[in-house]
Amino acid sequence: MIKPNGVYVDCTLGRAGHSTAILSQLTTGKLYCFEQDDEAINAAKKQLGLLNKPNFEIINANFMHLQAELVIRNVQTVNGILYDLGVSSPQLDSDYRGFSYRYDSELDMRMNQKQSLTAKIVVNTYSVNDLARIFREYGEEKFSWKIAQTIVAARAKEEISTTFQLVDIIKQSLPQKVLKKAKHPAKQVFQAIRIEVNQELEVLKKSLEQAVEMLAVTGRLVIISFHSLEDRIVKQFFQKLTTDPAAMVYQNLPVVSNYQSNFKIITKKVIVPTSKELDENHRSASAKMRILERVN
Numbered sequence: 001m002i003k004p005n006g007v008y009v010d011c012t013l014g015r016a017g018h019s020t021a022i023l024s025q026l027t028t029g030k031l032y033c034f035e036q037d038d039e040a041i042n043a044a045k046k047q048l049g050l051l052n053k054p055n056f057e058i059i060n061a062n063f064m065h066l067q068a069e070l071v072i073r074n075v076q077t078v079n080g081i082l083y084d085l086g087v088s089s090p091q092l093d094s095d096y097r098g099f100s101y102r103y104d105s106e107l108d109m110r111m112n113q114k115q116s117l118t119a120k121i122v123v124n125t126y127s128v129n130d131l132a133r134i135f136r137e138y139g140e141e142k143f144s145w146k147i148a149q150t151i152v153a154a155r156a157k158e159e160i161s162t163t164f165q166l167v168d169i170i171k172q173s174l175p176q177k178v179l180k181k182a183k184h185p186a187k188q189v190f191q192a193i194r195i196e197v198n199q200e201l202e203v204l205k206k207s208l209e210q211a212v213e214m215l216a217v218t219g220r221l222v223i224i225s226f227h228s229l230e231d232r233i234v235k236q237f238f239q240k241l242t243t244d245p246a247a248m249v250y251q252n253l254p255v256v257s258n259y260q261s262n263f264k265i266i267t268k269k270v271i272v273p274t275s276k277e278l279d280e281n282h283r284s285a286s287a288k289m290r291i292l293e294r295v296n
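For the sequence shown, full-length UniProt numbering assigns the number 1 to the initial residue and increments by one for each residue that follows.
Structure follows, in structure tokens:
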């Protein structure tokens, strides 16, 4: 439940879908929205402006700076924080941002268009070992080493500057049985490069630590993730917050733990999309939502 006089944070504003729903329920409360994509900010301003409510602020910053940005605005505690992780649909559907393997565009993939690191720099300058590690760890790509080798060999002849160039190189690296599968052969590598360019996993870890510090009692942290790496980080983070640090020791002793966490996990079972939601948005298929509440 949204408290009409509460303070809420949308860490991933995007096109303001979630923020619009939150702001519509606020009266004297305040909504703070984090977004680093200039195009998204411009679209969100128009969307939120339709509500004719002044009690929101868009913060042009990475949610890694969550606590610092709120503290300088004299915000110490909040009633709810939302993360809708990953790349947004407009970013994926853009034919010039380089996020998608479906369009031939410059290799970019920056969520923050002001930062210097791009996908093109990653692909053309990272060592074969680093590329293979990224594809393996961030994309869970089985053929990470072969793809990395093929990229390094190809860039020695000419710079790899477009998405379609990279897609062709990936296809050259994979066996026919993989290429015949329904899933696009470049999906995992593109995901891995995007995560590296935007440092998504490290940023998430740092931001979550700040988020729980700022939650008021009964305040909730809601996180929607779209791939296993993010969900694993969130799940483990929630478990760490709600588990007795000495639990492993007590396992082997006739002792009952009196540990009481300041938090409780609301979603004992992860929430996934309903069939109706899947019909309305096929991209929600891999979505998982987890919720944590501060209890004292």
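Ideal Cβ positions, reconstructed from N, Cα and C, are used throughout, including at glycine.
Asked                                                                                                                                                              : Found
By Cβ distance, which residues of its chain are closer than 7 Å to residue 141, with the 5 residues on each side in sequence left out?                             : 135, 147, 188, 189 and 192
Quick check on residue 227: buried or exposed, where buried means 16 or more other Cβ atoms within 10 Å of its Cβ?                                                 : buried
Closest by CA to residue 210, which one among 63, 56, 49 and 3?                                                                                                    : 63
Suppose contacts are defined by Cβ-Cβ distances below 8 Å. Is residue 220 in contact with residue 292 by that definition?                                          : yes
Rounding to the nearest angstrom, what Cα-Cα distance links residue 115 and residue 163 in this structure?                                                         : 19 Å
If contacts are defined as beta-carbon pairs under 8 Å, then residue 172 and residue 150 qualify, I think. What distance do you get, rounded to the angstrom?      : 6 Å
Taking residue 15 and residue 40 to be in contact with their CB atoms under 8 Å, please state how far apart those CB atoms are, rounded to whole angstroms.        : 6 Å
Pull up the distance between the alpha-carbon of residue 26 and that of residue 59, whole angstroms please.                                                        : 18 Å
If you compare alpha carbons, which of 78, 82, 70 and 71 is closest to residue 21?                                                                                 : 82
Leaving out five residues on either side along the sequence, give the residues of the same chain with a beta carbon under 7 Å from the beta carbon of residue 144. : 132, 135 and 136
Taking the C-alpha atoms as reference points, what is the distance between residue 107 and residue 47?                                                             : 29 Å
Would you be able to state if there are at least three C-beta pairs under 8 Å between the region 80-100 and the region 1-12?                                       : yes
Return the chain-ordered ranges of every beta strand (DSSP E) run that is complete within the region 57-116 and spans a minimum of 3 residues.                     : 78-84
If contacts are defined as beta-carbon pairs under 8 Å, then residue 44 and residue 35 qualify, I think. What distance do you get, rounded to the angstrom?        : 7 Å
Round the Cβ separation of residue 109 and residue 194 to the nearest angstrom and send it over; I've been treating them as touching at under 8 Å.                 : 5 Å
Around the C-beta of residue 232, are 16 or more other C-beta atoms found within 10 angstroms, so that it is buried, or is it exposed?                             : exposed
When we look at the beta-carbon of residue 4 and count the other beta-carbons within 10 Å, is it buried (16 or more) or exposed?                                   : exposed
I'd like the span of the alpha helix (DSSP H) that includes residue 214, first residue to last.                                                                    : 200-214
On a CA-only basis, which of 51, 117, 37 and 70 is nearest residue 19? Give me that one, please.                                                                   : 51
Pick helix, strand or coil for residue 225, following the three-state DSSP scheme.                                                                                 : strand
Hey, residue 212 and residue 263: beta-carbon distance below 8 Å or not?                                                                                           : yes
Rounded to whole angstroms, how far is the Cβ of residue 160 from the Cβ of residue 186, which I believe are closer than 8 Å?                                      : Not confirmed; about 13 Å, so no contact.
Look at residue 261 and residue 242 and say whether their C-beta atoms are less than 8 Å apart.                                                                    : yes
Let me know if residue 253 comes out buried or exposed under the rule of 16 or more other beta-carbons within 10 Å of its beta-carbon.                             : exposed
Tell me which same chain residues have a C-beta within less than 6 Å of the C-beta of residue 37, skipping the five on either side of it?                          : 111
What does DSSP give as the partner residues of residue 34 in its beta bridges?                                                                                     : 59
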